[in-house]
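Presented below is the structure to which this report refers.
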Amino acid sequence: MRSKQPALVRQELWGVLIAYTLLRRLMRLMAEQLQVAPQRIGFHVAAMAIIDLLRFAPLESAGNLPKRLALLFEQARLFVLPPRREGRTYPRVVKRRSAKYPNKNASQA
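The opening position of the sequence shown corresponds to residue 1 in UniProt numbering, with each subsequent residue numbered one higher.
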């Protein structure tokens with residue numbers, strides 16, 4: 001957070017939450033179009049593509065925005081993650097504590 005005053009910190013937090021919600025909403029729409037679960041859309045790659053779209057939107061005419069958005073939705077198939085593998089479990093275990101010094105064996109005694 002860059003703000004120092006409580007009101008501005010609150011405003012900045014709201015801005016971050018709104019941006020995150022918009023990202024997730026666009027990702028959900030992409031998932032619906034591709035008929036996959038929303039969790040299968042990779043957050044980082046999709047977020048970078050959406051941010052690039054928004055970053056360069058002011059440089060283009062307003063008529064090009066729907067075309068760029070349609071192109072983004074066409075590229076959405078590249079953001080789909082492979083399905084999760086089922087049946088793999090890694091139970092929690094406590095690691096053995098390594099000894100500070102090696103154990104003596106019979107030849108050293």
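Beta carbons are placed, not taken as given, at the ideal position from N, Cα and C, and that holds for glycine. Quick caveat: nothing in here was measured; it's all calculated off a predicted structure.
Subject >> Own chain partners of A31 with C-beta closer than 6 Å, once the 5 adjacent residues on each side are dropped >> reply: The sequence position of residue 31 within the sequence shown is 31, counting from 1. Within the same chain, P38, I41 come within 6 Å of A31 by CB-CB distance, once the 5 residues on both sides are set aside.
**OP:** Compute the beta-carbon to beta-carbon distance between F79 and A46, rounded to the nearest angstrom, for a pair I have assumed lies under 8 Å.
**Re:** Reading the sequence shown from its first residue, position 79 is the one you call residue 79. Reading the sequence shown from its first residue, position 46 is the one you call residue 46. About 5 Å separates the two Cβ atoms, so the contact holds.
Original post:
How far does the alpha helix (DSSP H) with L17 in it reach, from first residue to last?
Top reply: In the sequence shown, the residue the question calls residue 17 occupies position 17. First-last of the alpha helix (DSSP H) with L17: 6-34.
Subject >> Backbone CA spacing between L71 and R55 [nearest angstrom] >> reply: As a position in the sequence shown, residue 71 is number 71, starting the count at 1. As a position in the sequence shown, residue 55 is number 55, starting the count at 1. Answer to the nearest angstrom: the Cα atoms are 15 Å apart.
Original post:
For L69 versus I50, is the C-beta distance shorter than 7 Å?
Top reply: Position 69 of the sequence shown, counting from 1, holds the residue named residue 69. Position 50 of the sequence shown, counting from 1, holds the residue named residue 50. No, the Cβ-Cβ distance between L69 and I50 is not below 7 Å.
Subject >> alpha helix (DSSP H) segment containing F79, residue limits >> reply: Your numbering for residue 79 matches position 79 in the sequence shown. Here F79 belongs to no alpha helix (DSSP H), and DSSP marks it neither H nor E.
Original post:
Taking the continuous alpha helix (DSSP H) assigned at M48, which residues delimit it?
Top reply: Within the sequence shown, numbered from 1, the residue matching residue 48 stands at position 48. Looking at the DSSP string, the run of the alpha helix (DSSP H) that includes M48 is 43-56.
Original post:
To the nearest angstrom, how far is it from the Cα of R2 to the Cα of T21?
Top reply: On the sequence shown, residue 2 is found 2 positions in, with the first residue counted as 1. On the sequence shown, residue 21 is found 21 positions in, with the first residue counted as 1. Taking the straight line joining both Cα atoms gives about 21 Å.
**OP:** Could you check what DSSP says for S107 in three-state terms: helix, strand or coil?
**Re:** Mapped onto the sequence shown, residue 107 falls at position 107. Collapsing the DSSP output to three states places S107 in a helix.
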